[in-house]
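K.L.:
Protein chains in written order, with this note's numbering: chain A, 1 to 220; chain B, 1001 to 1243. Right, I'll just put the structure down here and ask away after.
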């Protein structure tokens, strides 16, 4: 992944601020999974998972795992009061009907209009889209958490995605180790810089046109 | 011919329903909830050239992933193969034909097949490669793709509990695609952990009505628990279990 654990957690901590009382939330694998650590219990969030749980809780204590109770990645989880189990068609009905308030996903590329590419690198990595297209197209708010650049230092926020799309104009927010962007009316608005980066760092390593918000702030 | 009220058969009898070249639908999600005893039976009986329909290809040694690893599958419809590198390798080599379908659309195509529908109208994937070669239709001024329903020669599923009529109850998130797959086979065989007499299940708690189920077999136990035990341990993430 390239990012240190502290940086990954800072991104997750920032993303958690987007979650408010009673929301239905789906977290993707990788950094998005860490967001659960920063959601306060008294917000009564219902975590949704594609394999058929609403009201998923955290990892159970070692020794008390249940082989028949896991998240979409196959890892053991617990449930919160009010949780329900259902089949995969219902799990995706919840998504398609627009009942998810927020989905938090990783990405390979995001364009300045909010196009997301996150499921295929043709000829190299072809894992299949899983539920990514359903989630990115249908959740009310789509937040992308990712490295600001790829392992070669190339921008991942670009004018136009070069990889096949997951969704057109689907992203609402992008949070990287360097900055927080909002996708608004086809424009990429820079609202926050992640400490210790500077505006210059962000502009130099972003491959898209940026609108810098006049009230730009720093996230510690 | 009526199927009767006692659908429990032996594993040996169940093997008669698996044939080379069959289309096979397998329940489960990431291997969890896939029927391990039936998958092993298909391997033991040397069934080949399978057209597999499954949410995913599990892990190389868990769930339907085993069928891929042992090169029994020639064509696959799935939403994801990322946790099974062997599937990706065979796809790149050209020995495995793969058609990807968004996960929710795949579930609904299977559900439609099981519910006797011709297909579904869906907009998930419009504007992406998903829409290539898809027939489209406008309903209430919204554009949809027509996604044909899926059925299979044989469906295999896992259930936690069943009565001998084949009424099925699942367990927590091991339910996943099983209730859908259970309805979409020309023949459906359920692998069950606990088989009880007819009349001992509360009709209110039954998830899949036994009318969809042709046969049930006694499970020899599930093997997916170590998916995450392996990943948490120091051993290989993808390798064959050492135990």
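No residue lacks a Cβ here, since even glycine has one placed at the ideal position from N, Cα and C. Please read these numbers as outputs of a predicted model, since none were measured by experiment.
Between the Cα of residue 238 of chain A and those of B:1073, B:1033, B:1129, B:1212, spot the shortest distance and give me the residue it belongs to.
P.N.:
In the structure displayed, chain A extends from 1 to 220; residue 238 of chain A sits before or after that span and is not available.
K.L.:
Alpha carbon to alpha carbon, how far is residue 45 of chain A from residue 56 of chain A? Give it in angstroms, no decimals.
P.N.:
If you number the first chain from 1, residue 56 of chain A lands on position 56. If you number the first chain from 1, residue 45 of chain A lands on position 45. Each residue's alpha carbon lies about 9 angstroms from the other.
K.L.:
Suppose the cutoff is 6 angstroms on Cβ atoms and the five residues either side in sequence are ignored; what does the same chain contact list for residue 1 of chain A look like?
P.N.:
Along the first chain, read from residue 1 onward, the residue named residue 1 of chain A stands at position 1. Low confidence applies to residue 1 of chain A: its pLDDT is 47, below 50, so where it sits in the model is not reliable, and the reading given next is rough at best. Once the five neighbours on either side are set aside, residue 1 of chain A has no close Cβ partner at all.
K.L.:
Does residue 1016 of chain B pass the burial test, meaning 16 or more other C-beta atoms within 10 Å, or should it be called exposed?
P.N.:
Here residue 1016 of chain B corresponds to residue number 16 of the second chain, with the count starting at 1. With fewer than 16 Cβ atoms within 10 Å of its Cβ, residue 1016 of chain B is classed as exposed.
K.L.:
Count Cβ pairs between the region 1058–1069 of chain B and the region 104–123 of chain A that sit closer than 8 angstroms; are there 3 or more?
P.N.:
Contact fails: fewer than three Cβ-Cβ distances are below 8 angstroms.
K.L.:
For a quick check, are the C-beta atoms of residue 1110 of chain B and residue 1154 of chain B less than 8 angstroms apart?
P.N.:
Your numbering for residue 1110 of chain B matches position 110 in the second chain. Your numbering for residue 1154 of chain B matches position 154 in the second chain. Not closer than 8 angstroms, so no.
K.L.:
Roughly how many angstroms lie between the CA atoms of residue 177 of chain A and residue 147 of chain A, to the nearest whole one?
P.N.:
Residue numbering aside, residue 177 of chain A sits at position 177 when the first chain is read from its first letter. Residue numbering aside, residue 147 of chain A sits at position 147 when the first chain is read from its first letter. Rounded to the nearest angstrom, the two C-alpha atoms are 6 angstroms apart.
K.L.:
Over what stretch of residues does the alpha helix (DSSP H) that includes residue 1114 of chain B continue unbroken?
P.N.:
Position 114 of the second chain, counted from the start, is the residue given in the question as residue 1114 of chain B. 1103–1114 is the extent of the alpha helix (DSSP H) around residue 1114 of chain B.
K.L.:
Which bits of chain B does residue 166 of chain A rub up against, with CB to CB less than 8 angstroms?
P.N.:
As a working mapping, residue 166 of chain A is identified with position 166 in the first chain. Near residue 166 of chain A (Cβ distances below 8 angstroms), the residues of chain B are 1128.
K.L.:
Return helix, strand or coil for residue 85 of chain A, following the three-state DSSP convention.
P.N.:
Taking the first chain and counting its residues from 1, the one referred to as residue 85 of chain A is at position 85. In the structure shown, residue 85 of chain A sits in a strand (DSSP, three-state: E or B).
K.L.:
When you compare each of B:1115, B:1106, B:1045, B:1093 to residue 1026 of chain B by their alpha carbons, which one comes out closest?
P.N.:
Your numbering for residue 1026 of chain B matches position 26 in the second chain. If we check each option's Cα against that of residue 1026 of chain B, B:1106 comes out closest.
K.L.:
Can you tell me the Cβ-Cβ gap for residue 1118 of chain B and residue 1180 of chain B, rounded? I've got them flagged as a contact below 8 angstroms.
P.N.:
Along the second chain, read from residue 1 onward, the residue named residue 1118 of chain B stands at position 118. Along the second chain, read from residue 1 onward, the residue named residue 1180 of chain B stands at position 180. Not a contact, Cβ separation roughly 16 angstroms.
K.L.:
Mind pulling the chain B residues with CB within less than 7 angstroms of residue 89 of chain A?
P.N.:
As a first step, residue 89 of chain A must be located in the first chain, where it is residue number 89. In chain order: 1107, 1108, 1111, 1180.
K.L.:
Would DSSP call residue 45 of chain A helix, strand or coil?
P.N.:
By 1-based counting over the first chain, the position of residue 45 of chain A is 45. Correct three-state label for residue 45 of chain A: coil.
K.L.:
Return the Cβ separation of residue 1162 of chain B and residue 1195 of chain B in integer angstroms, given the expectation that the two are a contact with Cβ distance under 8 angstroms.
P.N.:
Start at 1 with the first residue of the second chain, and residue 1162 of chain B comes out as number 162. Start at 1 with the first residue of the second chain, and residue 1195 of chain B comes out as number 195. Indeed they touch by this definition, with Cβ atoms about 6 angstroms apart.
K.L.:
Closer than 8 angstroms is the cut-off here; do at least three beta carbon pairs connect the region 1211–1224 of chain B with the region 124–137 of chain A?
P.N.:
No, because fewer than three Cβ pairs between the region 1211–1224 of chain B and the region 124–137 of chain A fall closer than 8 angstroms, the two stretches do not touch.
K.L.:
Pull out every residue of the region 1146–1171 of chain B whose Cβ sits closer than 9 angstroms to any Cβ of chain A, in chain order.
P.N.:
Within the region 1146–1171 of chain B, the qualifying residues are 1160, 1170, 1171.
K.L.:
Have a look at A:52, A:216, A:20 and flag the residue whose alpha-carbon is nearest the alpha-carbon of residue 198 of chain A.
P.N.:
Here residue 198 of chain A is taken as the residue at index 198 of the first chain, counted from 1. Among A:52, A:216, A:20, the Cα nearest to that of residue 198 of chain A is on A:216.
K.L.:
Spell out whether any CB of chain A is found under 8 angstroms from the CB atom of residue 1103 of chain B.
P.N.:
Here residue 1103 of chain B is taken as the residue at index 103 of the second chain, counted from 1. Residue 1103 of chain B counts as touching chain A.
K.L.:
Roughly how many whole angstroms lie between the Cα atoms of residue 53 of chain A and residue 1152 of chain B?
P.N.:
Along the first chain, one-based indexing puts residue 53 of chain A at 53. Along the second chain, one-based indexing puts residue 1152 of chain B at 152. About 27 angstroms.
K.L.:
Which term fits residue 136 of chain A, buried or exposed, when burial requires 16 or more other beta carbons within 10 angstroms of its beta carbon?
P.N.:
Position 136 of the first chain, counted from the first residue, corresponds to residue 136 of chain A. By the neighbour-count rule (16 or more Cβ atoms within 10 Å), residue 136 of chain A is buried.
K.L.:
Check each residue of the region 99–133 of chain A: if its Cβ is closer than 7 angstroms to any Cβ of chain B, include it; give the result in chain order.
P.N.:
Cβ contacts with chain B: 126, 127, 128, 129, 130, 131, 133.
K.L.:
Per DSSP, what kind of secondary structure is residue 1081 of chain B in: helix, strand or coil?
P.N.:
As a working mapping, residue 1081 of chain B is identified with position 81 in the second chain. Three-state DSSP puts residue 1081 of chain B in coil, outside helix and strand.
K.L.:
Answer yes or no: does any C-beta atom of chain A fall closer than 8 angstroms to that of residue 1125 of chain B?
P.N.:
On the second chain, position 125 is the one that residue 1125 of chain B refers to. Yes, because at least one Cβ of chain A sits closer than 8 angstroms to the Cβ of residue 1125 of chain B.
K.L.:
In angstroms, rounded to a whole number, what distance separates the CA positions of residue 1047 of chain B and residue 194 of chain A?
P.N.:
For the purposes of this step, residue 1047 of chain B is taken as the residue at position 47 of the second chain. For the purposes of this step, residue 194 of chain A is taken as the residue at position 194 of the first chain. Roughly 56 angstroms separates the two Cα atoms.
K.L.:
Show which residues of chain B have a CB atom less than 7 angstroms away from the CB atom of residue 50 of chain A.
P.N.:
By 1-based counting over the first chain, the position of residue 50 of chain A is 50. Those are 1103, listed as they occur along chain B.
K.L.:
Which residues does DSSP list as the beta-bridge partners of residue 196 of chain A?
P.N.:
Here residue 196 of chain A corresponds to residue number 196 of the first chain, with the count starting at 1. The partner list for residue 196 of chain A (beta bridge, DSSP) is empty, contrary to what the question assumes.
K.L.:
Residue 92 of chain A CB to nearest chain B CB: under 8 angstroms?
P.N.:
For the purposes of this step, residue 92 of chain A is identified with residue 92 of the first chain, where counting begins at 1. Yes, its Cβ sits closer than 8 angstroms to a Cβ of chain B.
K.L.:
Candidates B:1074, B:1168, B:1184, B:1013: which alpha carbon is nearest residue 1201 of chain B's?
P.N.:
The residue you call residue 1201 of chain B lines up with position 201 of the second chain. Measuring from the Cα of residue 1201 of chain B, the nearest candidate turns out to be B:1168.
K.L.:
Exposed or buried, which one is residue 62 of chain A when buried takes at least 16 other CB atoms within 10 Å?
P.N.:
Taking the first residue of the first chain as 1, we reach residue 62 of chain A at position 62. Residue 62 of chain A comes out exposed.
K.L.:
Return the CA-CA distance between residue 58 of chain A and residue 78 of chain A, expressed in angstroms with no decimal places.
P.N.:
Here the question's residue 58 of chain A lines up with position 58 in the first chain. Here the question's residue 78 of chain A lines up with position 78 in the first chain. Looking at the two C-alpha atoms, the distance is approximately 6 angstroms.
K.L.:
Residue ranges of each alpha helix (DSSP H) run of no fewer than 4 residues wholly in the region 100–185 of chain A, ordered along the chain?
P.N.:
Whole alpha helix (DSSP H) segments, 4+ residues: 132–138.
K.L.:
As a quick exercise: from B:1160, B:1145, B:1102, pick the residue whose alpha carbon is nearest that of residue 88 of chain A.
P.N.:
Residue 88 of chain A sits at position 88 when you count from the first residue of the first chain. Considering only alpha carbons, the answer is B:1102.
K.L.:
Can you look up residue 1134 of chain B in the DSSP assignment and give me helix, strand or coil?
P.N.:
Along the second chain, read from residue 1 onward, the residue named residue 1134 of chain B stands at position 134. In the structure shown, residue 1134 of chain B sits in coil (DSSP, three-state: anything other than H, G, I, E or B).
K.L.:
Going by beta carbon distance, what residues of the same chain come within less than 6 angstroms of residue 180 of chain A, once the five residues before and after it are set aside?
P.N.:
Stepping through the first chain from its first residue, residue 180 of chain A is reached at position 180. If we look at residue 180 of chain A and ignore the five residues flanking it on each side, its Cβ neighbours are 191, 192.
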